[in-house]
Amino acid sequence: MLLPHARIFDRYGCLHSRWIVACLVIIGGCRGHRPAWQIAQSSVPVKPSAASVQPFPSPTDASIPGADTFAGVAAGKQASLLRLASHEDVDDATANDAAFEQQWDSLTGGDEQFASVGGSEVWTGGDGEDGLPPRRPLSEAEMLTIALTDAPAIRSLGIRVLSNPESLTTAYDRAIEVTDPFFGPAAALAEFDSQLSANLNTANNDRVFNNATLGGEVQELVQDTAEATIGWQKRSVSGAVFDIQRVHLYDNNNRQANRFPNYWESYFEAGVRQPLLRGAGRTFNEIAGPNASPGFNFSNGILIARMNTQISDIDFRIALRDFVQELYATYWTLRREYQSLESLVEAKQMAYETWQSTLARREADLQGGEADKEAQARSRYYQLRRQIINVLDADQPQSGLLVTERRLRQMLGMPINEGVILFPVDPPADVKYVFDFPALVQRGLSYRDELRRQSIRVQQERYRLIAAKNFLLPQVDLIGRYRVRGFGDDLFGDGPDRFSSAFDDFYSFDHQEWQFGLEMGVPVGRRQAKAAVANAKLQLNRQLTILDQQQTALRAEISDAYSEVDAAYDALTVSKEILDASQDRYDASLALYESDKIQIEFLLDAQQELVRSQQQMAEDQSRYSMSLIQLNAVAGTLLADLGINVAYGPCGTQESVVEDHP
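So the number in my numbering is just where the residue sits in the sequence shown, counting from 1, plus 21.
Spelled out as structure tokens, the structure:
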């Protein structure tokens, strides 16, 4: 159900005006923020337009320009309003729709009653012939609002939460992927963090030497030492490693040849190691990360980690799309079962009147009141009562109106029992839509989430192949180091001697040292590197094959869905004709029976045919509505057409921007 012009407040309090935005899904869950689906709602209702409903249908029925595929209401009908308080309001425009009133007058005798239950306006159902609790009208728009508001998980019926809880998709999944301390983006970036180190050590040595020469001309060496060091190291994205150290050394010993009994040494050094071949370059280090080796999956690279996060985002969108599709299927199934119930209740009333007429004839000893005729009419009446029981709560545990209603409640996160029963008020689509098949295929290839996910995996394998080829190169590193030393009797001192102060000697820059050179190493044969390259090529070819097969399967899915739309509409058109013919037959049979021109068997048969036609009509209406949903789903535009967008919470790496619809 697409909504009109909406106002959206982001998490910073900024106001954005956007078009056709129904649901803004917030995922995340860090820093005490509870993840939630938040719904952006309209402040002023406007008429939906064809361009905002779907990108490429062109209704052939000229009397209904701009008909909404998903809204299920006639053109010109005002769209319903959504409120963040989810359950509190009902779409009055839809609930009071003339089509709705006309459909249910036959069931309630035109005596509908509305009451307030739990803050919501509910329909009490009039005379209660169907034996149901009071009805709570539910529109498509309100259904999406309730399902996607403050829901920490996607409540799909296909997931067995008790036996397989790990299969449940929650709003925390992406945040968990982002904050993975081993393979997440932050973990990959941490490999390039600066490292700061410091130490302070003191020691006392008292050592006896058998040879005085080894002890520095003393037989027994008594020594006090101290060392203070502070260092910094940084790895750049190009692969270079930079380090800086500042060191202070103190030594007090009893060697006779010492110039000073105790002395200080202070020095500063800076070094760099830059790979020139293997491990060099920004591309390799962003793909594989530092310290990578062949044979691994290169999951610590920045690019690979970010792509894994993108795949997690797409997985969430796929689960959300499937949930919305399942939600609509349940909604239309419940609508169909209500229509089936309506036809049975109407048929039961007709059968009761026929039975009473036959019974009156029997009591008056008239023709048509024979015992077998009365029993036949009575049997037909009770058969319909039994069918109503089956529709409400079928013999099979997974079917029936009440079971479907409980399923819908479960998906919406509503209480299973609250004294009212949900009643879908939006009528199904009944107008013909014409789609451009090549445009559908092109949109599917561009927007289908499964293809986008596989394209990312193909790109990952391309990157891994680039990284694997890098290991075929020899290890050639350029190294350089510079050092400045200072020596003195004291660390800080003042005196005529050159070495009175280690700091003064250090800052004189009289003792400078440097080192420059190349280091090289290469494994002879490079068997592991060659195997890694061959494996990476095979992995890439495999992912490309999967992508090609997925594209082929997508074309087949779109073709099937495209054909199903046409077939469903054709079936719906024929069902309308059958229903009209069945209604005409019943009216004619009733007139003939009342004039004693036909037997009761013909009237009962006409009643039964009318019920079957009404039920088939309801089934075909539901089928056609679901075929439109399915077509947009396989084309990859279902969430966009419904205005459902995904934004990221405080733990996410980005905040989604809801774009204006054209």
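All C-beta atoms, glycine included, are put in the ideal place defined by N, C-alpha and C.
(1) Are there three or more Cβ pairs, one per stretch, closer than 8 Å when the region 152–165 is compared with the region 423–442?
(2) On a CA-only basis, which of 260, 267, 331 is nearest residue 500? Give me that one, please.
(3) On a CA-only basis, which of 578, 642, 596 is nearest residue 652? Give me that one, please.
(4) Taking all protein chains shown into account, decide if residue 664 is buried (16 or more other Cβ within 10 angstroms of its Cβ) or exposed.
(5) Look at the alpha carbon of residue 466 and the alpha carbon of residue 454, and state the distance between them as a whole number of angstroms.
(6) Per the contact definition of three or more C-beta pairs closer than 8 Å, is the region 471–488 in contact with the region 282–301?
(7) Just to confirm my understanding: we take residue 391, look at its own chain, exclude 5 residues before and 5 after, and list those with CB closer than 8 Å. What are they?
(8) Please list the segments of the beta strand (DSSP E) lying wholly inside the region 256–307, counting only runs of 3 or more residues, in order along the chain.
(9) Give the secondary structure of residue 665 by DSSP, where H, G and I count as helix, E and B as strand, and everything else as coil.
(10) If you measure between the beta carbons of residue 568 and residue 463, is that distance less than 8 Å?
(11) Taking residue 298 as the reference, which of 508, 217, 611, 495 has the closest Cα?
(12) Using DSSP with H/G/I as helix, E/B as strand and the rest coil, what is residue 186?
(13) Which stretch, first to last residue, makes up the beta strand (DSSP E) that contains residue 239?
(14) Spatial neighbours of residue 521 within its chain, please: CB distance less than 8 Å, with the 5 preceding and 5 following residues excluded, ordered by chain position.
(15) Within 10 angstroms of the Cβ of residue 668, are there 16 or more other Cβ atoms? Answer buried if so, exposed if not.
(16) With distances taken from CA atoms, which of 219, 593, 379, 201 is nearest residue 211?
(17) In the DSSP output, what is residue 246 paired with across the bridge?
(18) Would DSSP call residue 371 helix, strand or coil?
(19) Taking its Cβ as the centre, do 16 or more other Cβ atoms sit within 10 Å of residue 617, making it buried, or is it exposed?
(20) Going by CA-CA distance only, name the one from 360, 347, 563 that's closest to residue 659.
(21) For residue 228, does the count of other Cβ atoms within 10 angstroms reach 16, so buried, or fall short, so exposed?
(22) Which one of 165, 632, 225, 160 has the shortest CA to CA distance from residue 600?
(23) Any idea what DSSP makes of residue 328, helix, strand or coil?
(24) Residues bridged to residue 378 by DSSP?
(25) Report the option in 341, 498, 311, 217 whose CA atom is closest to the CA atom of residue 267.
(26) Determine contact between the region 322–332 and the region 176–194, defined as no fewer than three beta-carbon pairs at a distance below 8 Å.
(27) Which of the three DSSP states, helix, strand or coil, is assigned to residue 389?
(28) Count the other CB atoms within 10 Å of the CB of residue 398; is the residue buried (16 or more) or exposed (fewer)?
(29) Would you kindly work out how many angstroms separate the C-alpha atoms of residue 571 and residue 430, rounded to a whole number?
(30) Grab the span of the beta strand (DSSP E) containing residue 445 for me, first residue to last.
(31) Under a Cβ-count criterion, where at least 16 other Cβ atoms within 10 Å of its own Cβ denotes burial, should residue 528 be classed as buried or exposed?
(32) Do you know whose CA, among 630, 192, 225, 325, lies nearest residue 271's CA?
(33) Do residue 326 and residue 204 have their beta-carbon atoms positioned less than 8 Å apart in this structure?
(34) Going residue by residue through the region 507–575, where are the continuous alpha helix (DSSP H) segments of at least 4 residues, counting only ones entirely within it?
(35) May I ask which residues mark the beginning and end of the beta strand (DSSP E) holding residue 206?
(36) Mind checking whether residue 648 and residue 582 have CB atoms under 8 Å apart?
Looking at the coordinates:
(1) yes
(2) 260
(3) 578
(4) buried
(5) The alpha-carbon of residue 466 is positioned some 22 Å away from that of residue 454.
(6) no
(7) Taken in chain order, the residues that qualify are 383.
(8) 262–274, 283–296
(9) strand
(10) no
(11) 495
(12) DSSP, reduced to helix, strand and coil, places residue 186 within a helical segment of the structure shown.
(13) It is not in any beta strand (DSSP E) - residue 239 carries neither H nor E in the DSSP assignment.
(14) 509, 510, 511, 514, 515
(15) buried
(16) 201
(17) Residue 246 pairs with 224, 272.
(18) helix
(19) exposed
(20) Looking from the CA of residue 659, the closest CA among 360, 347, 563 belongs to 347.
(21) exposed
(22) Of the candidates 165, 632, 225, 160, the residue whose Cα lies closest to the Cα of residue 600 is 632.
(23) helix
(24) Looking at the DSSP assignment, residue 378 forms no beta bridge with any residue, so it has no partner.
(25) 217
(26) no
(27) coil
(28) buried
(29) 35 Å
(30) 442–445
(31) Around the beta-carbon of residue 528, fewer than 16 other beta-carbon atoms lie within 10 Å, marking it exposed.
(32) 225
(33) yes
(34) 523–528
(35) Looking at the DSSP string, residue 206 is not in any beta strand (DSSP E); the run it does join, the alpha helix (DSSP H), is 206–211.
(36) Pairing residue 648 with residue 582 gives a Cβ-Cβ distance under 8 Å.
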